[in-house]
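In the working numbering, the protein residues as written are 726 to 818.
Below is the structure:
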């Protein structure tokens, strides 16, 4: 199982077209959520394999903890994005 760092630097190109930046951000978020979903599915698969006798409890615990941490990180990122959106909406023009 490989653990990768989340790298948010230089992911959104600076261009005049907002649509391009929105698509880049949308794709980045979608890819991240797909990875989180894959980790969740892997944890479920490992649990089922343990029930069949094909996996060790250690593998299941590692997969489950990875899934829990990835979901927790996702929730925290969502909270930060909501906070940033609310802060932007409070700005008076």
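Glycine residues also receive a C-beta, built at the ideal position from the N, C-alpha and C atoms.
Remember, predicted model here, so these are calculated numbers, not experimental data.
* Taking residue 788 and residue 756 to be in contact with their CB atoms under 8 Å, please state how far apart those CB atoms are, rounded to whole angstroms. => Residue 788 to residue 756, Cβ: 21 Å. No contact.
* To do: Could you spell out where the alpha helix (DSSP H) holding residue 671 opens and where it closes?
  => Given a span of 726 to 818 for the chain in the structure shown, any question on residue 671 remains unanswerable.
* Asked: Under a Cβ-count criterion, where at least 16 other Cβ atoms within 10 Å of its own Cβ denotes burial, should residue 800 be classed as buried or exposed?
  -> exposed
* Taking 8 Å as the threshold, find out whether the region 763–781 comes into contact with the region 789–808 through three or more Cβ pairs. => yes
* Asked: From residue 772 to residue 780, what does the alpha carbon distance come to, in whole angstroms?
  -> 8 Å
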